[in-house]
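Trainee: Numbering of the sequence shown is given in this note's numbering, commencing with residue 236 and proceeding in unit increments.
Using N, Cα and C, we set each Cβ at its ideal position, and we do this for glycine too.
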Amino acid sequence: MIQLDNLTKSYASKRVLGPIDLSIESAKTTVLIGPSGCGKSTLLRLILGLITQDSGEVRIDGCVLSEKTAVSLRRKAGYVIQDGGLFPHLTAYQNITLMARHLSFPEADIKDRVNFLTRLTNFSSDLLYHFPVQLSGGQKQRVGLMRALMLDPDILLLDEPLGALDPLIRYDLQTDLKDVFERLGKTVILVTHDMGEASFFGDTIILLDCGRVIQKGTTDDFVRHPMNDFVIQFLRAQRTISDERLP
Ligand code: ADP
Ligand code: MG
236 MIQLDNLTKS YASKRVLGPI DLSIESAKTT VLIGPSGCGK STLLRLILGL ITQDSGEVRI
296 DGCVLSEKTA VSLRRKAGYV IQDGGLFPHL TAYQNITLMA RHLSFPEADI KDRVNFLTRL
356 TNFSSDLLYH FPVQLSGGQK QRVGLMRALM LDPDILLLDE PLGALDPLIR YDLQTDLKDV
416 FERLGKTVIL VTHDMGEASF FGDTIILLDC GRVIQKGTTD DFVRHPMNDF VIQFLRAQRT
476 ISDERLP
């Protein structure tokens with residue numbers, strides 16, 4: 236579905252990403268994980284065509300991402316960012332439907348789709364007429380998710396969508412998100428820096444460090460066959476209380 240070939244990106248002649256070669260499977264969830272500053276968001280932005288690589292190629296469904304194809308390819312992808320990125324002066328409903336209204340979709344279709352999405356994301360429809368400031372962090376992320384899904388994209392890219400939430404809200408939203416991914420069967424790329432979250436969501440996990448892919452595999456591959464000391468350190472740094480100790 237998504238193919239990256241020899242992709243590199245620098246800022247002020249400092250290489251922040253690549254060279255990266257990757258293929259991302261369709262209808263599966265791929266998790267990008269790695270320390271802060273390792274290039275996770277840069278990689279998502281390159282796939283979305285929001286920034287341009289210095290060399291290499293992004294192909295989506297076999298079509299090379301370029302200035303000419305960027306607009307049509309971007310329509311295939313929904314994007315959710317950490318703080319939701321909602322427009323503060325628009326209600327939840329207006330945020331969700333902005334693009335569909337811009338494209339002059341029929342009002343009745345828009346309403347039907349919002350209805351479907353509120354049920355899908357467990358969002359109370361009373362809150363659709365609230366502004367972002369009147370919503371909790373978890374509710375804002377549900378609105379961000381509905382906005383990303385509004386045009387029914389094939390690909391869903393989520394950049395640390397749960398990073399700013401407290402643990403209980405995060406737990407609920409993780410469960411709901413996973414359910415959404417499974418029901419819709421979209422190609423999902425989710426960024427996190429939490430290995431527990433990566434393992435919960437990821438059919439495939441890709442660990443990055445300093446702009447390079449260090450290891451790609453399942454949770455089991457990481458635990459049984461860590462590629463090098465960095466992987467071991469990264470796994471060790473994720474402290475958790477094991478389930479067996481909980482009542
Ligand atoms: P991550 O999402 O993994 O935390 P980023 O992809 O945001 O990392 O950033 C990777 C590196 O690129 C960081 O060192 C960051 O400072 C740098 N970087 C990202 N965007 C820019 C930019 N627009 N200008 C200059 N440096 C940038
Ligand atoms: Mg980031």
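Say the cut is 7 Å; is the CB of C445 nearer than that to a heavy atom of the ligand ATP?
Mentor: Absence of the ligand ATP from the depicted structure is noted, with the ligand ADP and the ligand MG being the only ligands included.
Trainee: CB-CB under 7 Å to Q409, same chain, minus the five flanking residues each way: which ones, in chain order?
Mentor: If we look at Q409 and ignore the five residues flanking it on each side, its Cβ neighbours are L397, E432 and F435.
Trainee: Check whether the segment 369 to 387 touches the segment 340 to 355, counting contact only when three or more Cβ pairs, one atom from each stretch, lie closer than 8 Å.
Mentor: A contact exists between the segment 369 to 387 and the segment 340 to 355.
Trainee: I need the straight-line Cα distance from C298 to A305, nearest angstrom please.
Mentor: Cα-Cα distance, rounded: 10 Å.
Trainee: Is E292 helix, strand or coil when you go by DSSP?
Mentor: Reduced to three states, the DSSP call for E292 is strand.
Trainee: Starting from R183, trace the alpha helix (DSSP H) both ways and give me its first and last residue.
Mentor: Since the first residue shown for the chain is 236 and the last is 482, residue 183 is missing from the structure and cannot be characterised.
Trainee: Express the C-alpha separation of L425 and R280 in angstroms, rounding to a whole number.
Mentor: Taking the straight line from one Cα to the other gives about 13 Å.
Trainee: Classify R447 as helix, strand or coil using the three-state DSSP reduction.
Mentor: The answer is strand: DSSP assigns R447 an E or B state.
Trainee: Is there a C-beta anywhere in chain D that falls below 8 Å from the one on L242?
Mentor: The question asks about chain D, but that chain is absent: this structure has only one protein chain.
Trainee: From the DSSP output, in three-state form, read off I282 for me.
Mentor: Helix, per DSSP.
Trainee: Do V251 and G446 come within 8 Å of each other at the CB atom, strictly closer than that value?
Mentor: For G446 and V251, yes; Cβs fall inside 8 Å.
Trainee: Assign T265 to one of two classes, buried (16 or more other C-beta atoms within 10 Å of its C-beta) or exposed (fewer than that).
Mentor: When all chains shown are included, T265 counts as buried.
Trainee: Starting from the N-terminal end, write out each residue whose C-beta falls within a distance shorter than 5 Å of any non-hydrogen atom of the ligand ADP.
Mentor: Those residues are Y246, V251, S271, G272, C273, G274, K275, S276 and T277, given in chain order.
Trainee: Are the CB atoms of L285 and V293 within a distance shorter than 8 Å?
Mentor: No, they are not a contact pair.
Trainee: Looking at C-alpha atoms only, which residue of D256, A247, Y246 and S248 is the closest neighbour of D240?
Mentor: When only C-alpha atoms are compared, the closest one is D256.
Trainee: How far does the alpha helix (DSSP H) with G373 in it reach, from first residue to last?
Mentor: From DSSP, the alpha helix (DSSP H) with G373 extends over G372 to L384.
Trainee: Quick check on this structure: which residue in L267, S245, M236 and Q238 has the alpha carbon closest to the alpha carbon of T439?
Mentor: It is L267 whose Cα lies nearest to the Cα of T439.
Trainee: How many whole angstroms separate the CB atoms of L400 and G372, which I take to be in contact at a CB cut-off of 8 Å?
Mentor: That pair is a contact at about 5 Å.
Trainee: As a quick exercise: from H324, A343 and I345, pick the residue whose alpha carbon is nearest that of Q369.
Mentor: Ranking H324, A343 and I345 by Cα distance to Q369 puts H324 first.
Trainee: Once DSSP output is grouped into helix, strand and coil, what is the label at K244?
Mentor: Strand at K244.
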